[in-house]
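Engineer: Encoded as structure tokens, here's the structure I'll be asking about.
There are 2 protein chains.
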Amino acid sequence: MISGKFAITIHILTLLHKFPNDFLSSEFIAGSINLNPVLVRKEIANLKAHHIVESKEGKNGGTKLAVNAAELTLKQIFEMTFESIGLGFAKNQPNPDCPVGKNINQHLEALYSEMNQKVSAQLEGISLEDFSNQF
Amino acid sequence: MISGKFAITIHILTLLHKFPNDFLSSEFIAGSINLNPVLVRKEIANLKAHHIVESKEGKNGGTKLAVNAAELTLKQIFEMTFESIGLGFAKNQPNPDCPVGKNINQHLEALYSEMNQKVSAQLEGISLEDFSNQF
DNA sequence: AAATTTGTAACATATTTTATTACAGTATGA
DNA sequence: TCATACTGTAATAAAATATGTTACAAATTT
Chain A
1 MISGKFAITI HILTLLHKFP NDFLSSEFIA GSINLNPVLV RKEIANLKAH HIVESKEGKN
61 GGTKLAVNAA ELTLKQIFEM TFESIGLGFA KNQPNPDCPV GKNINQHLEA LYSEMNQKVS
121 AQLEGISLED FSNQF
Chain B
1 MISGKFAITI HILTLLHKFP NDFLSSEFIA GSINLNPVLV RKEIANLKAH HIVESKEGKN
61 GGTKLAVNAA ELTLKQIFEM TFESIGLGFA KNQPNPDCPV GKNINQHLEA LYSEMNQKVS
121 AQLEGISLED FSNQF
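Those sequence lines, one after another, are chains A and B. Residues in the first sequence are numbered consecutively from 1, following this note's numbering. Residues in the second sequence are numbered consecutively from 1, following this note's numbering.
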């Protein structure tokens, strides 16, 4: 779940923000995303590990936001689901006997690191509340 | 080849820039990237389609740069290999009967579009020559 | 006690990426 | 002119990754 993780997580959080007084079930959330409920629960497990949401087991259980949506930034969500942005690396270890191969990944990393800073700055300026209130 | 395309292409171009007077074979290039030569030729086909390199078939054939490395920007390479950056979408069509599901992709696209602008601005300021001269 | 839900593991399927094989076509140069 | 060494490309295979499903124990409500 590399490409969908961020999108699914922000979808979940937007729903939780829209229903602040309810514990939403994974099945309900899955119905909005059109995704298997087990995968929703897996993303929720990640959110729980970061103390962003709390869940209640058992009948009428579900999940709700555990933080202030105005204080949760998209940057935090990004970091919980993506780690870092970039344009990728060649899969195999490049040839260490070639001056280019030996250093390419290091230079790509530097480039991507700068990209991350720019993207992070953008995402830091947007709260979950901001995002959710667009709907 | 989503994640590796940019990295492989810039690796190819850096090598071509380092040997401006030679036609480099796909096998030589593949040896530096540690990649199958057929995949190198595929990326070269893409570069040829954009008139960035020229190839010579036959014995002693290979590929060389066809543009000025000082004028080729990483943004152009990005656009030839990645199209756009972003944090992904959920794979399935979200529920159109849910106000959140109905609009989430549109809002994500707007967010990613802004990300792209920032990243493009960064990459536009770096030429292949700049990148290659780091080595 | 019955019903409903989370949490999680195990497994299955689908998709995407990467690698390989094969070979026709082209240029070089002995 | 013939052997050699390349490109170009298609077809296929293998590997890796992402997504989906099933199953069921544990928890909680009514």
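We put the beta carbon where it would ideally sit given N, CA and C, even for glycine.
Going straight from the alpha carbon of Met1 of chain B to that of Leu15 of chain A, what length do you get?
Structural biologist: Confidence at Met1 of chain B is low in this model, with a pLDDT of 49, below 50, so its placement is unreliable and the value that follows should be read with caution. So the two alpha carbons sit approximately 34 Å from each other.
Engineer: Can you give me the C-alpha to C-alpha distance between Gln134 of chain B and Ala90 of chain B, rounded to a whole angstrom?
Structural biologist: Distance between the alpha carbons of Gln134 of chain B and Ala90 of chain B: 38 Å.
Engineer: Would Ala121 of chain B and Leu108 of chain A qualify as a contact pair, given that the criterion is a beta-carbon distance under 7 Å?
Structural biologist: It is not a contact, given that the beta carbons lie outside the stated cut-off.
Engineer: Identify, in the order they occur along the chain, each residue of the same chain with its Cβ nearer than 8 Å to the Cβ of Thr9 of chain B, setting aside the five sequence neighbours on each side.
Structural biologist: Glu43, Asn46, Leu47, Ile77, Met80, Thr81.
Engineer: Along chain A, which residues have their Cβ under 8 Å away from the Cβ of Glu114 of chain B?
Structural biologist: Neighbours of Glu114 of chain B on chain A, chain order: Gln122.
Engineer: If you measure beta-carbon to beta-carbon, which residues of the segment 87-113 of chain A are closer than 7 Å to chain B?
Structural biologist: So the list reads Leu87, Gly88, Phe89, Ala90, Lys91, Asn92, Gln93, Pro94, Asn95, Cys98, Pro99, Val100, Gly101, Asn103, Ile104, His107, Leu108, given in the order they occur along the chain.
Engineer: Please decide whether Ser25 of chain A counts as near chain B, where near means a Cβ-Cβ distance under 7 Å.
Structural biologist: False, the Cβ-Cβ gap to chain B never drops below 7 Å.
Engineer: Taking only three categories from DSSP, how would you classify Gly101 of chain B?
Structural biologist: Of the three classes helix, strand and coil, the one that applies to Gly101 of chain B here is helix, per DSSP.
Engineer: Are the CB atoms of Asn95 of chain A and Gly101 of chain A nearer to each other than 7 Å?
Structural biologist: Against a cut-off of 7 Å, the Cβ pair of Gly101 of chain A and Asn95 of chain A comes out as a contact.
Engineer: How about Ala66 of chain A and Val53 of chain A: are their beta carbons less than 7 Å apart?
Structural biologist: In this structure, Val53 of chain A lies closer than 7 Å to Ala66 of chain A by Cβ.
Engineer: Let me know if Gly86 of chain A comes out buried or exposed under the rule of 16 or more other beta-carbons within 10 Å of its beta-carbon.
Structural biologist: With 16 or more other Cβ atoms within 10 Å, it is buried.
Engineer: Closer than 6 Å by C-beta to Leu13 of chain B: which residues in its own chain qualify, once you throw out the five before and the five after it? Chain order, please.
Structural biologist: Excluding positions up to five away in sequence, the list reads Leu128.
Engineer: Following the continuous beta strand (DSSP E) through Ser55 of chain A, name the residue where it begins and the one where it ends.
Structural biologist: Unbroken beta strand (DSSP E) run through Ser55 of chain A: 53-56.
Engineer: If we call anything under 7 Å between Cβ atoms a contact, is Lys75 of chain A one with Lys118 of chain B?
Structural biologist: Going by C-beta atoms, Lys75 of chain A is not nearer than 7 Å to Lys118 of chain B.
Engineer: Suppose contacts are defined by Cβ-Cβ distances below 7 Å. Is Val40 of chain B in contact with Ala30 of chain B by that definition?
Structural biologist: Yes, the Cβ-Cβ distance between Val40 of chain B and Ala30 of chain B is below 7 Å.
Engineer: If you scan the segment 23-52 of chain A from start to end, which runs of the alpha helix (DSSP H) of 4 or more residues do you find wholly inside it?
Structural biologist: DSSP runs (the alpha helix (DSSP H)) wholly in the segment 23-52 of chain A: 26-33, 37-49.
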